[in-house]
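Residue numbers (this note's numbering), protein chains in the order written: chain Y, 71 to 640; chain S, 4 to 91. Backbone N, C-alpha and C define an ideal beta-carbon position, used for all residues, glycine too. Given the structure is predicted, the values throughout are model-derived calculations rather than measurements. Note sheet for the following structure.
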Ligand SMILES: Cc1ncc(C[n+]2csc(CCOP(=O)(O)OP(=O)(O)O)c2C)c(N)n1
Ligand SMILES: [Mg+2]
């Protein structure tokens, strides 16, 4: 038991919790914590340029490493700037701990300078929020915050600490280890699941991000190969099963592949693991997989039967569930005609794209070449929009955690800070942010952080001159009336190459198909700075296939008006 | 709409009540009445809530969502013999 300040206690508690990097910005209320941080040899502090960047960086770090990400902000505006990343991490079940300074205890509730009730603001978007009122509690609260963030279904936890608590003299008592209970999957449900799997005729593994969070990719592969059952991976699970694997049908959902969507729709058994039947996957719920029985395994009981009733509910960590299923499944189902049907769809409806009529680059080609040249050992992040969907479709993912994006909240501006965080966690891997020209303008300030802190990420801006995804909807559903979706980025406002240079990065531009490979290779050779590539691509490219919002998955269109599952009698 | 009674044991922690109430609000739950009473154990309180859910919406889901809250020690849906129904 040592006599320390609350601030030193905080830094020691973070060290004891295994924290090695913090993303943050100081300010009045959190200032005491920054003093002992200067002396910590275990914790690296990365000075971001906006707290939103700190939050997404913590998320990128957590998703790249599997550890808890940490961000720090001061009270008031610093704390409120964390709202978006907290909500983002909550939706995508990412373990992060956000530490915010607060005004002195005696000032709370007085509308003091830079006072914001961040604990209340964060109520619906955090797993839990603490406000520390006794400096002696700091070690226990930090230990509990880390355990809560990482335990069960992961998620964000906030720790709000008044300035005078940080400044107070206290004692440091290392926290007792926090016990985390782990639910064992119920044996009878596992048996029932194994029975259904063995007797199914058209089963499919519907894999969600829970499999990635659980680190269960190897167990999934074993079960998939033993049973021969086809696999689809959602946006949050890309890489949980290798894209190159014969049994992989791709991503389901609004912009999923025809075989993946058809596999769910025609299925007689969904084996749903770590997934939540999100509306972007199911389309109109009543029309989703109408003839399928459902095995639904999730660590969060509140997700099971939330949107679709589970016939076999299994509460448990996906890894434990898969281990149990591997032990219980003795007989593989006979799937000859199922595979014949699915392979037929694969042959007839592969992912494809057209080259823009105006001679500009095809964005899909750019992304496909990045995936091919940079390879599956890299980590890819994405913003939100068309480029995100193309990044999900046209990069081949082979490893869980190699694609990090904002799935649930759909947060524009996620790519650059998430890449920064990921790169801090895995310095030996290449990290590529595939970003939109719109998204990039929301958070590119973090490239300054990357340039100054030796975080050599690559950013590929898929510059289509527009808020492309919104424009696509305007094209399809608002008679081509393009209200406020043009960005003028094709007129070089901003000039992304010049902007990159101004931010301390190398800036490259690519406008021709013949230059694409060369530019990517040149970017890979730059190691001393971050690199930004402005890929000027056609503005009219659209994301296909598509299930229009408010329709059933059977109405999936491969291009405008062509509905292979709906029009034909398959 | 269907009427449901829930009974919770809540940790006496700052923000615990707010978290429960916000959950009702974010999940679109209509609250008819809510009462909070101390228990013999000083560290927890008992909360009785009557809520209305759209027909077809299972109170189990709400019970599970409430159970996720760190400050909720236990929650049960009390069977309500006089369950009213309004509309479909
Ligand atoms: C913070 C935020 N604001 C608005 C939106 C709505 N939105 C979704 S995609 C999109 C366009 C994104 O444009 P860009 O980054 O250029 O990507 P593109 O679709 O062109 O590839 C917008 C505005 C959002 N998802 N997030
Ligand atoms: Mg764009």
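Closer than 8 Å by C-beta to residue i: which residues in its own chain qualify, once you throw out the five before and the five after it? Chain order, please.
i: residue 636 of chain Y; result: 624, 625, 626
i: residue 564 of chain Y; result: 511
i: residue 257 of chain Y; result: 394
i: residue 580 of chain Y; result: 431, 436, 586, 589, 603, 604, 605, 606
i: residue 44 of chain S; result: none
Determine the closest residue to residue i out of the options, with distance taken between C-alpha atoms.
i: residue 192 of chain Y; options: Y:178, Y:222, Y:155, Y:177; result: Y:155
i: residue 574 of chain Y; options: Y:280, Y:505, Y:523, Y:489; result: Y:523
i: residue 314 of chain Y; options: Y:291, Y:328, Y:331; result: Y:291
i: residue 525 of chain Y; options: Y:584, Y:303, Y:601; result: Y:601
i: residue 370 of chain Y; options: S:71, S:21, S:27; result: S:71
i: residue 592 of chain Y; options: Y:195, Y:326, Y:444; result: Y:444
i: residue 337 of chain Y; options: Y:396, Y:272, Y:285; result: Y:272
i: residue 518 of chain Y; options: Y:569, Y:453, Y:353; result: Y:569
i: residue 263 of chain Y; options: Y:576, Y:282, Y:288, Y:297; result: Y:297
i: residue 120 of chain Y; options: Y:348, Y:412, Y:516; result: Y:516
i: residue 4 of chain S; options: S:20, S:17, S:34; result: S:34
i: residue 200 of chain Y; options: Y:183, Y:185, Y:415, Y:169; result: Y:169
i: residue 423 of chain Y; options: Y:530, Y:414, Y:429, Y:433; result: Y:433
i: residue 545 of chain Y; options: Y:179, Y:91, Y:611; result: Y:611
i: residue 414 of chain Y; options: Y:615, Y:425, Y:622, Y:328; result: Y:328
Which residues in the same chain have their Cβ closer than 6 Å to the Cβ of residue i, if we skip the five residues on either side of it in sequence?
i: residue 473 of chain Y; result: 308, 309, 450, 467
i: residue 456 of chain Y; result: 538, 539, 613
i: residue 463 of chain Y; result: 421
i: residue 38 of chain S; result: 51
i: residue 639 of chain Y; result: Interpretation of residue 639 of chain Y is limited by its pLDDT of 49, a score under 50 that renders its predicted location unreliable; the figure taken from the coordinates is listed afterwards. No residues qualify anywhere along the chain.
i: residue 81 of chain Y; result: 106, 107, 110
i: residue 384 of chain Y; result: 255, 259, 367, 391
i: residue 618 of chain Y; result: none
i: residue 609 of chain Y; result: 534, 535, 536
i: residue 322 of chain Y; result: 302, 330, 331, 334, 351
i: residue 66 of chain S; result: 78, 80
i: residue 299 of chain Y; result: 273, 275
i: residue 205 of chain Y; result: 76, 235, 238, 240
i: residue 478 of chain Y; result: 161, 162
i: residue 151 of chain Y; result: 121, 122
Label residue i either buried or exposed according to how many other C-beta atoms from any shown protein chain fall within 10 Å of its C-beta, with 16 as the threshold for buried.
i: residue 379 of chain Y; result: exposed
i: residue 147 of chain Y; result: exposed
i: residue 361 of chain Y; result: exposed
i: residue 548 of chain Y; result: exposed
i: residue 135 of chain S; result: There is simply no residue 135 of chain S to check, as chain S begins at 4 and stops at 91 in what is shown.
i: residue 475 of chain Y; result: buried
i: residue 400 of chain Y; result: exposed
i: residue 181 of chain Y; result: exposed
i: residue 281 of chain Y; result: buried
i: residue 326 of chain Y; result: buried
Considering just the uninterrupted stretch of the beta strand (DSSP E) at residue i, what are its terminal residues?
i: residue 10 of chain S; result: 5-14
i: residue 51 of chain S; result: 47-56
i: residue 41 of chain Y; result: Absent from the model: residue 41 of chain Y. The displayed extent of chain Y is 71 to 640, so no value can be given.
i: residue 533 of chain Y; result: 528-533
i: residue 40 of chain S; result: 33-41
i: residue 201 of chain Y; result: 198-201
i: residue 450 of chain Y; result: 449-452
i: residue 242 of chain Y; result: 239-242
i: residue 604 of chain Y; result: 601-606
In the DSSP assignment, find the alpha helix (DSSP H) that holds residue i and state where it starts and stops.
i: residue 633 of chain Y; result: Run containing residue 633 of chain Y: none; DSSP gives neither H nor E here.
i: residue 171 of chain Y; result: No alpha helix (DSSP H) contains residue 171 of chain Y, which is instead part of the beta strand (DSSP E) from 166-172.
i: residue 398 of chain Y; result: 388-398
i: residue 493 of chain Y; result: 485-495
i: residue 349 of chain Y; result: 349-352
i: residue 589 of chain Y; result: 586-595
i: residue 153 of chain Y; result: 153-161
Kindly list the residues whose CB is nearer than 7 Å to the CB of residue i, restricted to its own chain and excluding five residues on each side of it in sequence; keep chain order.
i: residue 261 of chain Y; result: 398
i: residue 527 of chain Y; result: 489, 490, 493, 501, 503, 520, 600
i: residue 163 of chain Y; result: 223, 224, 225, 279, 283
i: residue 11 of chain Y; result: Here chain Y comprises residues numbered 71 to 640, so residue 11 of chain Y is not present and cannot be evaluated.
| message | Check whether the stretch 493-500 of chain Y and the stretch 132-140 of chain Y are in contact - that is, three or more C-beta pairs closer than 8 Å. | response | yes
| task | Pair every Cβ in the stretch 243-250 of chain Y with every Cβ in the stretch 353-362 of chain Y, then say whether three or more of these pairs are closer than 8 Å. | result | no
| said: Assess contact between the stretch 434-443 of chain Y and the stretch 316-333 of chain Y, defined as three or more Cβ pairs (one per stretch) separated by less than 8 Å. Is contact present? | reply: No contact exists between the stretch 434-443 of chain Y and the stretch 316-333 of chain Y.
| message | Whether or not the stretch 231-244 of chain Y and the stretch 214-221 of chain Y are in contact is what I'm after, with contact meaning three or more pairs of Cβ atoms, one per stretch, closer than 8 Å; do they touch? | response | no
| message | I'd like to know if the stretch 6-13 of chain S and the stretch 52-69 of chain S are in contact, where contact means that at least 3 CB-CB pairs between them fall below 8 Å. | response | yes
| request: Would you be able to state if there are at least three C-beta pairs under 8 Å between the stretch 403-420 of chain Y and the stretch 543-558 of chain Y? | output: Not touching, per the Cβ criterion.
| message | Under 8 Å, with one C-beta from each stretch per pair, do the stretch 272-288 of chain Y and the stretch 337-347 of chain Y reach the 3-pair mark? | response | yes
| field | Chain-ordered residues, beta carbon under 7 Å from a heavy atom of ligand 4 | value | No copy of ligand 4 occurs in the structure displayed; its ligands are ligand 1 and ligand 2 alone.
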